[in-house]
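Below is one structure, written out as structure tokens, with a few remarks after it.
There are 2 protein chains.
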Amino acid sequence: MLLTSLYRRISARVVARTALSTTRRTLITEALKDSPAWKLGHLNHVAIAVPDMAQASAFWRDVMQAEKVSESVPMPEHGVYTVFVELGNTKIELLHPYGDKSPIAGFLAKNKSGGIHHICLNVPDIQQALTTLRASGVQSLNDEPKTGAHGLPVVFLHPKTCGGVLVELEEHRNRC
Amino acid sequence: MLLTSLYRRISARVVARTALSTTRRTLITEALKDSPAWKLGHLNHVAIAVPDMAQASAFWRDVMQAEKVSESVPMPEHGVYTVFVELGNTKIELLHPYGDKSPIAGFLAKNKSGGIHHICLNVPDIQQALTTLRASGVQSLNDEPKTGAHGLPVVFLHPKTCGGVLVELEEHRNRC
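If you read the sequences in order, they're chains A and B. In terms of the numbering used here, the first sequence opens at residue 1 and continues consecutively. In terms of the numbering used here, the second sequence opens at residue 177 and continues consecutively.
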């Protein structure tokens, strides 16, 4: 089982090498030596930054006919208000700035009507994921995971190391 | 059943009215008169525009450890190559320009490293959805639905009428 898993992972890297720089190839080879196997889980949510939370909530509930749209919840420690739009298989997270130092203020200054801000993906072990991702050249915005909107460990990965996409990881040990 | 449904929809609109302009209020009230009820379905995929498809596929398969990453498929009629990254509950669609007139060329010119391009949501009846959405002030990029990457009717909604988000609708009659 371990050998099969190792073979699959090494084979995948061989294919990947054709598309990666020499530096990243070396980093991935190094990471392979010690890193345990893990698999990417479900899409937890797609986050949309919005300039007006009441209007955005009404849009998704009444115009787009979403089955369930939560109340707005202030998250002072993250500098945002959040609303979750239930889609059945995953969620949309609406984000609006809370306070003067909101991490989404810059995004909304550039995208005045709002826009897609990030995607959040579940992982079974966030520390294990961070270790192997960092060894592959992926950078995180925080040194350590923080507690996210669902009371679970989360960490953001730098978009410049994820093909221009801001990726949040959320730890879900018991389900993907 | 019909009365309950009508009551729920009218109540929702009353809440929504506080956040909508007078023009949109009137449009929604008008739309309510004749429009049948429908519900938004699952998130079909999140689309990411990428400047290098081989590199992006390798990133999601080998660095992000996605369980399944498809081959690249040319879609000349849509001006893109597509790769689907399976996440268990939904998919990421990687998009790379095909030909000189790709609809994602402008996006990649502005976002050279790539980025999140649109979200695709399932609806049970695309014509019914379009009728009520248009009556609520939502504009579509095409007059009529086209056949999308999965051989099903799709239509794109204008981001300026969807809070800055480019939204694709895909018709799934038998499942959401």
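For each residue, glycine too, the CB sits at the ideal point set by N, CA and C.
In the three-state reduction of the DSSP assignment, Glu93 (chain A) falls in the strand class, which pools E and B. Residues of the region 242–275 of chain B that bring their beta carbon within less than 9 Å of a beta carbon in chain A comprise Ala242, Glu243, Val261, Leu263, Gly264, Asn265, Thr266, Lys267, Ile268 and Leu270, in sequence order.
A direct Cα-Cα distance of roughly 31 Å separates Asn89 (chain A) from Tyr274 (chain B). His218 (chain B) and Leu87 (chain A) do touch by the CB rule: their CB atoms are close to 6 Å apart, below 8 Å.
Look at Val46 (chain A): its C-beta is under 8 Å from a C-beta on chain B. Every beta strand (DSSP E) of 3 residues or more that sits fully in the region 111–158 of chain A is shown, in chain order, as 115–123 and 153–157. Between Val123 (chain A) and Leu40 (chain A), the gap from beta carbon to beta carbon is short of 8 Å.
Nearest neighbour of His334 (chain B) by Cα position, chosen from B:Asp319, B:Glu243, B:Met240 and B:Ala325, turns out to be B:Asp319.
If you look at Ala232 (chain B), you'll find it in the alpha helix (DSSP H) that goes Met229 to Ala234.
Your pair Val256 (chain B) and Ser278 (chain B) checks out as a contact, with CB atoms roughly 6 Å apart and the cut at 8 Å. With respect to chain B, the C-beta atom of Asn111 (chain A) has a partner C-beta closer than 8 Å. The Cβ of Ser316 (chain B) sits no closer than 8 Å to any Cβ of chain A. Neighbours of Phe235 (chain B) in chain A, taken as residues at a C-beta separation under 7 Å, are given in chain order as Gly163. DSSP places Pro250 (chain B) in the uninterrupted beta strand (DSSP E) bounded by Val249 to Met251. Residue B:Glu269 holds the alpha-carbon nearest to the alpha-carbon of His326 (chain B) among B:Glu269, B:Val341 and B:Ala281. Taking the beta carbon of Ala56 (chain A) as reference, the chain B residues within 7 Å of it are Gly339, listed in sequence order. Taking a cut-off of 8 Å on C-beta distances, the region 68–75 of chain A does not touch the region 282–301 of chain B, as fewer than three cross pairs fall below it. For Lys91 (chain A), the number of other beta carbons within 10 angstroms of its own is at least 16, and it is reported as buried. Not a single C-beta of chain A is nearer than 8 Å to the C-beta of His348 (chain B). Among the CB atoms of chain A, one or more fall inside 8 Å of the CB of Ile295 (chain B).
Between the alpha carbons of Ala37 (chain A) and Leu130 (chain A) lies a distance of about 12 Å. A distance below 8 Å separates the beta carbons of Ala47 (chain A) and His118 (chain A).
For Ile104 (chain A), there is no enclosing beta strand (DSSP E), since its DSSP letter is neither H nor E. For His150 (chain A), no Cβ of chain B is located within less than 8 Å of the residue's own Cβ.
Per the C-alpha coordinates, the member of A:Arg61, A:Ala49, A:Gly163 and A:Asp52 positioned closest to Ser312 (chain B) is A:Arg61. Cβ-Cβ distances below 8 Å link Ile126 (chain A) to Pro145, Pro153, Val154, Val155, Leu169, Glu170 and Glu171 in the same chain, with the five nearest sequence neighbours on each side left out; the list follows chain order. Residue pairing by DSSP places Lys244 (chain B) opposite B:Glu262 in a beta bridge. A:Leu121 is the residue among A:Leu121, A:Thr161, A:Ala58 and A:Ala109 whose C-alpha sits nearest the C-alpha of Arg173 (chain A). Taken in chain order, the members of the region 298–312 of chain B whose beta-carbon sits within less than 7 Å of a beta-carbon on chain A are Leu309 and Ser312.
Taking 8 Å as the cut-off, the beta carbon of Gln315 (chain B) is found closer than this to the beta carbon of Thr337 (chain B). The three-state reading of DSSP puts Val341 (chain B) in coil, since its state is none of H, G, I, E or B. For His221 (chain B), the enclosing beta strand (DSSP E) stretches over residues Leu219 to Ala225. Interface flag for Val330 (chain B) against chain A is unset, since no Cβ pair is found closer than 8 Å.
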